[in-house]
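Contents: one structure, followed by commentary.
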Amino acid sequence: MELTSLTIKKIHEGLLKKEFSALELTKAYLEKVKKEDVKIHSFLSVCEDTAVSQAKEIDEMIFVGREIPLLAGVPVAAKDNILVEDLGCSAGSRILKNYTAPYDATCIKRLREQGIIILGKTNLDEFAMGSSTENSAFGPTRNPRDLTRVPGGSSGGSAAAVAANLCLFALGSDTGGSIRQPASFCGVVGLKPSYGAVSRYGLIAFASSLDQIGPITRTVQDCKIVFNVIKGKDVLDSTSVEAQSQKSSVNQPVKGLVIGIPKEYFVEGTDPEVIRLIKRAIDKYEEKGAKIEQISLPHTEYALPCYYIIAPSEASANLARYDGIKYGYSKGSKSKSHSLLDVYLQSRGQGFGEEVRRRIMLGTYALSSGYYEAYYLRAQKVRTLIKKDFDKAFKKVDVIFSPVSPTPAFKLGERTRDPLKMYLSDIFTASVNLAGLPAISIPCGTIKKGLPVGLQIIGKPFEEEKIMNIAEVFEKEYI
Amino acid sequence: MISKKEVQHIAQLARLGLSKKETEKMQKDLSSVLDYVEKLKEVDVSGVDVYSPLDGLGNVMREDRIKKESKKKDKKLLELAPEKKNGYLKVKQVL
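As given, the protein sequences belong to chains A and B, one line each in that order. For any residue, its number in my numbering is found by taking its place in the first sequence, counting from 1, and adding 16. Under my numbering, the residue at position 88 of the second sequence is numbered 81, and the numbers go up by one with no gaps.
This is the structure in structure tokens:
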């Protein structure tokens, strides 16, 4: 049995039937990481000792006949902007290179209570700002499907690790597409939950009105299991909510379903082969009894400019905490000749990478006196219009289908010189964050000799269960 | 195009030390992104409300009370600081 290509349910059954032990499973993953991650570089750190001792604890529970939760013994990785107590948490930045997390993020705490094994922390664009994982201060991650290409970003390490079977699932964070776009580039499943569905306590903040934590998995079923553990109200994140249970048919999720196809998402600029695969997926759903409806989201073209005001503005405020005094990289704090201002300027100037500096500058500009109304306030109003487009569409349709990204994975270095070109990878995903909606990316085929393409299924707020049920139909029958 | 002086002013507000070369590159990069977001000016936003996430949630209040943490946790947090003295963070002279 190939231990590193199971699902959560298969692991659970295997452990109960004593076909393998949690220790054997964890060791199989650790071995694979050691052997294969040299060329992919999806992990920033691996915690072998704690993983082994966690696995032994699970085996002990099984040995004495105690009941084990479904996730017990499942080897997992977390994006390196999610705090895991006593492990380093760099956010892919030099400024947090030597930072050790003093506590667990709520999502980690909840998963730990279910007995997961943490293998390590995965690579990302610095502070989750980027679409290729090339902005990591610790070197890029490569796409396991084609090592000359990027895995997408910013959760590129998480998506690559799952695609290469280096962990069973991984956690990512999504501010403008950072779970869905890398999931699509690497050919795995990625869920961006509704705003408020999952606690962000212990997530290193980037843009607080947009950030969400979500699972990256190989199957939709695994995605459901993980989401159901991490979701829900947390007193430590006042923006988290307990959503009412949604009604969704597991058995016949497609019968009578109305799928909206936004005309603005099928325009020039998108790879025709990507469009062909998305249309093929839509046809499959139509064959299964779904009704396809053309819709319009008229403010789509403003989503990305709107995002590139709001996200950097919030980032400039959130990243003000890195001051060289409380924690992280500090330059001149020990020197008598440096003033307090020198410590700020040098710690931040040297600690942050190029893209992060660019976004802090952009955000500071947009929020500065005299420009606030023209930029930030206007963007927040345009955001309302974007949300209203979706509200209106969802009166007619149940879900919306679109591509995840206009192209499959691009080559390393191809877009690093032009920030705007890089930003365009998020053109179909950013509006979902602006409107606070849930969306899932599932593989819907490959083009150009094996490059995966992702289908995005967008739902109404807190209808994660529904979009996952719909996604599962495609996965079961066509993959 | 945003001026060099403006870039320097923003860098000062953002507490970012930029070299001369970085300032020049920033001037170019910021200008190109600002040109791009100009597009938002086409939208008629008169009478439109500012977006509020989770509509209807409103403000979330809690009791204003100090939560006592364990000494171990205090120590973990303090250990992260580059300069400290007698259990306090050490900061340079402000005035």
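Ideal Cβ placement from N, Cα and C applies to all residues, glycine included. Small disclaimer: the values here were computed from a predicted structure and weren't measured.
Distance from the Cα of A455/A is smallest, within the candidate group N485/A, R431/A, P468/A, for N485/A.
For C322/A, the C-beta contacts it makes with chain B under 7 angstroms involve L33, in order along the chain.
If you look at E389/A, you'll find it isn't in any beta strand (DSSP E); DSSP assigns it neither H nor E. For E142/A, same chain residues with a beta-carbon under 7 angstroms away, outside a window of 5 residues either side, are A107, G108, S109, N151, S152, A153, G369, E371, V372 in chain order.
As DSSP reads the structure, R165/A sits in a beta bridge with K427/A.
Assignment of P269/A by DSSP, reduced to helix, strand and coil, places it in the coil class. The beta carbon of A319/A sits closer than 8 angstroms to those of I402, I443, A446, S447, L450, all from its chain and outside the five residues before and after it, given in chain order. Closer than 8 angstroms at the C-beta level to chain B, one finds these residues of the region 114 to 126 of chain A: Y115, T116, P118, Y119.
Taken through DSSP and simplified to helix, strand or coil, F201/A comes out as helix. For the pair V100/A and I133/A, the CB atoms are not nearer than the 8 angstroms cut-off. In this structure, the alpha-carbon of A117/A lies about 29 angstroms from that of T23/A. For M438/A, the CB contacts under 8 angstroms within the same chain, skipping 5 residues up- and downstream, are G146, S147, S148, R431, T432 in chain order.
Contact between the region 204 to 215 of chain A and the region 251 to 260 of chain A is established, with three or more Cβ pairs separated by less than 8 angstroms. Apart from the 5 residues on each side of it in sequence, G475/A sits with its Cβ closer than 6 angstroms to the Cβ of V415, P454, K482, I483 in its chain, given in chain order. From the beta-carbon of S63/B, no residue of chain A is found nearer than 9 angstroms; the closest lies around 11 angstroms away.
Assigned with DSSP and collapsed to three states, Q472/A falls in strand.
Short of 6 angstroms from the beta carbon of V274/A, and not among the five residues preceding or following it, lie these beta carbons of its own chain, in chain order: K307, E309, V413, D414. For F59/A, the beta-bridge partners assigned by DSSP are T138/A. Taking Q1/B as reference, the option from C123/A, T138/A, M377/A with the minimal CA-CA separation is M377/A.
Three or more beta-carbon pairs separated by less than 8 angstroms link the region 192 to 201 of chain A to the region 165 to 174 of chain A, which places the two stretches in contact. The beta carbons of G470/A and V420/A sit closer together than 8 angstroms. Going by beta carbons, R196/A and S457/A fall inside the 8 angstroms limit.
Your pair L82/B and I341/A checks out as a contact, with CB atoms roughly 6 angstroms apart and the cut at 8 angstroms. Near chain A, meaning a CB-to-CB distance below 7 angstroms, the residues of the region -1 to 27 of chain B are I3, A4, L6, A7, R8, L9, G10, L11, M19, D22, L23, S25, V26.
In terms of CA proximity to P435/A, L23/B leads the group K69/B, S39/B, L23/B, K14/B.
In this structure G379/A does not touch A409/A by the C-beta definition: roughly 30 angstroms separates them, more than the 8 angstroms allowed.
Here G173/A is buried: its Cβ has 16 or more other Cβ atoms, across all protein chains shown, within 10 Å.
Check the Cα spacing between I124/A and each of I291/A, C460/A, S224/A, G188/A: the tightest is with G188/A. Taking a C-beta distance under 8 angstroms as the contact criterion, I220/A and C105/A qualify as a contact pair.
Annotated as proximal: L41/A and G89/A, with beta-carbon spacing under 8 angstroms. Close CB contacts of T316/A within its chain, under the 6 angstroms cut and outside five residues either way in sequence, are with E280 (chain order). For K60/B, the closest Cβ of chain A is not nearer than 8 angstroms. Annotation: the continuous alpha helix (DSSP H) that includes Q5/B extends over -3 to 6. Unbroken beta strand (DSSP E) stretches of 3 residues or longer found wholly inside the region 209 to 271 of chain A: 228 to 233, given in chain order. In this structure, T233/A keeps its C-beta atom at 8 angstroms or more from the C-beta atom of V257/A. If only complete runs of 4 or more residues are kept, the region 47 to 134 of chain A shows the alpha helix (DSSP H) at 64 to 79, 122 to 129, in order along the chain.
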